[in-house]
Amino acid sequence: MRLLIFGRQGAGKGTQSALLAEHYGAVHISTGDVLRAAVANATPVGLEAKSYMDSGQLVPDEVMLGVVEERLAQPDIVEHGFLLDGFPRTVPQAEALLGITDVDVAVDLVVPEDVVLERISSRRVCSSCGRIYSVGMPPAEGWTCDTCGGEVVQRADDTPEAVAKRLAAYSSETEPTIRCFEDKGLLATVDGLGTPTEVQDRLVAAIDAAVAS
Ligand code: ADP
Ligand code: ZN
Numbered sequence: 003m004r005l006l007i008f009g010r011q012g013a014g015k016g017t018q019s020a021l022l023a024e025h026y027g028a029v030h031i032s033t034g035d036v037l038r039a040a041v042a043n044a045t046p047v048g049l050e051a052k053s054y055m056d057s058g059q060l061v062p063d064e065v066m067l068g069v070v071e072e073r074l075a076q077p078d079i080v081e082h083g084f085l086l087d088g089f090p091r092t093v094p095q096a097e098a099l100l101g102i103t104d105v106d107v108a109v110d111l112v113v114p115e116d117v118v119l120e121r122i123s124s125r126r127v128c129s130s131c132g133r134i135y136s137v138g139m140p141p142a143e144g145w146t147c148d149t150c151g152g153e154v155v156q157r158a159d160d161t162p163e164a165v166a167k168r169l170a171a172y173s174s175e176t177e178p179t180i181r182c183f184e185d186k187g188l189l190a191t192v193d194g195l196g197t198p199t200e201v202q203d204r205l206v207a208a209i210d211a212a213v214a215s
């Protein structure tokens with residue numbers, strides 16, 4: 003399975019992607035997580051990406067293409083397929099991606115802006131494995147990750163200013179990217195409101211229907 007997932011910041015992409023990757027046996031690649039790991043390890047990509055990320059701007063396409071192309075060439079992806087979360091976000095990224103691989107389905111997880119603003123302000127994330135929590139659904143013991151024991155924190159770019167910039171970039175850059183996949187007949191649109199399980203069931207139904215058609 004070769005899947006893409008689109009959705010505004012706070013739409014639940016990260017949470018749902020982890021579940022979907024498991025369901026379909028595909029490798030979950032979150033470009034945000036890949037970049038945060040690069041920043042934490044101070045790699046050349048991380049050093050270049052950090053200031054863009056912290057201020058809520060998109061990392062330049064050339065940098066992103068290098069990161070994604072390298073990842074997609076690895077043997078686990080060739081064997082199991084992928085679920086790309088956070089890429090492509092611009093039309094040039096979409097064109098470059100389609101130049102290196104086919105895509106089976108792109109899903110758009112739709113949640114209204116007022117709801118995502120509320121979700122982002124309460125979002126917390128494991129600084130080590132990326133697992134997502136919230137103020138209302140914290141880890142079992144303090145702010146320590148249930149999965150890996152890492153520290154659960156608020157993301158550096160979940161400030162109101164950076165969030166506003168990311169939402170603006172989503173409208174100006176990513177909405178037209180989604181239309182590319184719609185024009186190719188590859189898009190499935192899914193309502194992202196409800197419990198994680200409800201949304202998961204809707205996603206699986208929409209993906210299975212799109213793949214079968
Ligand atoms: P969000 O969806 O909330 O913006 P992510 O974790 O997906 O969070 O991404 C965090 C940051 O990483 C983005 O604000 C951006 O700076 C950078 N980034 C991730 N994916 C891309 C991409 N495909 N193109 C450009 N920048 C990206
Ligand atoms: Zn963790």
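Position in the sequence shown (from 1) plus 2 gives the number in the numbering used here. By construction, the Cβ of each residue, glycine as well, lies at the ideal position given by its N, Cα and C atoms.
For residue i, the nearest candidate out of the options (CA to CA)
i           : options               : result
residue 237 : 151, 202 and 66       : Past the edges of the chain, shown from 3 to 215, lies residue 237, and the structure says nothing about it.
residue 191 : 168, 140 and 112      : 112
residue 60  : 91, 83 and 40         : 91
residue 4   : 12, 27 and 57         : 27
residue 25  : 38, 39, 83 and 40     : 83
residue 119 : 162, 34 and 75        : 162
residue 177 : 214, 93 and 39        : 93
residue 170 : 29, 148, 42 and 58    : 58
residue 77  : 134, 167, 29 and 206  : 29
residue 101 : 114, 115, 108 and 71  : 71
residue 215 : 203, 204, 198 and 187 : 187
Own chain, CB closer than 8 Å to residue i, minus 5 neighbours either side, in chain order
i           : result
residue 73  : 31, 36 and 79
residue 136 : 121, 124, 125 and 126
residue 56  : 158, 159 and 164
Coarse secondary structure for residue i, derived from DSSP in three states
i           : result
residue 159 : coil
residue 108 : strand
residue 183 : helix
residue 88  : coil
residue 165 : helix
residue 129 : coil
residue 67  : helix
residue 118 : helix
residue 9   : strand
residue 36  : helix
residue 193 : strand
residue 80  : helix
Cutoff 6 Å; reference residue i; Cβ partners in own chain excluding five residues on either side
i           : result
residue 87  : 7, 15, 19 and 32
residue 129 : 152, 153 and 155
residue 165 : 122
residue 48  : 40 and 41
Distance between residue j and residue i (C-alpha atoms, nearest Å)
i           : j           : result
residue 144 : residue 131 : 17 Å
residue 172 : residue 10  : 7 Å
residue 110 : residue 196 : 15 Å
residue 63  : residue 21  : 28 Å
residue 85  : residue 13  : 16 Å
residue 200 : residue 150 : 26 Å
residue 117 : residue 194 : 10 Å
residue 106 : residue 17  : 21 Å
residue 97  : residue 23  : 23 Å
residue 51  : residue 174 : 20 Å
residue 211 : residue 104 : 18 Å
residue 168 : residue 213 : 31 Å
7 Å CB neighbourhood of residue i in its chain, flanking five on each side removed
i           : result
residue 147 : 128, 130, 131, 133, 141 and 154
residue 204 : 192 and 193
Proximity test, Cβ basis, 8 Å: residue i and chain B
i           : result
residue 186 : Judged by its chain identifiers, the structure shown contains no chain B, having just a single protein chain.
Any residue with its Cβ nearer than 5 Å to a heavy atom of ligand 2 should be included. What is that list in chain order? Residues whose Cβ lies closer than 5 Å to any heavy atom of ligand 2, listed in chain order: 128, 130, 131, 133, 147, 149, 150 and 152.
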